[in-house]
Amino acid sequence: MCRINHFFTNWIRKKYTRRDAEKAEFKARIKELEKNKTDTVAENAELRTRIVKLKQDIDELKKEL
577 MCRINHFFTN WIRKKYTRRD AEKAEFKARI KELEKNKTDT VAENAELRTR
627 IVKLKQDIDE LKKEL
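Going by this note's numbering, the sequence shown opens with residue 577, and the numbers climb by one from there.
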């Protein structure tokens, strides 16, 4: 009986260790994705600003013609 108990205790310990490792990997991946999202949002804002400026330049060129 003690051997069976020991077997299950070890099995559970290994399972929790694997789960904790997976959890750490997922947390790292989430952190990376959140950083990338922030970078993308900033880049999109910059691109929108450039588009507005280009539209203004086009409108000015049309007025000159």
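Ideal Cβ positions, reconstructed from N, Cα and C, are used throughout, including at glycine.
Because the structure is a prediction, the values reported are computed rather than measured.
query, result
"Kindly indicate which three-state DSSP category LEU641 falls into: helix, strand or coil?", "coil"
"Alpha carbon to alpha carbon, what distance is there between LEU630 and GLU640?", "15 Å"
"Measure the C-alpha to C-alpha separation of ALA618 and ASN612 and round it to an integer number of angstroms.", "10 Å"
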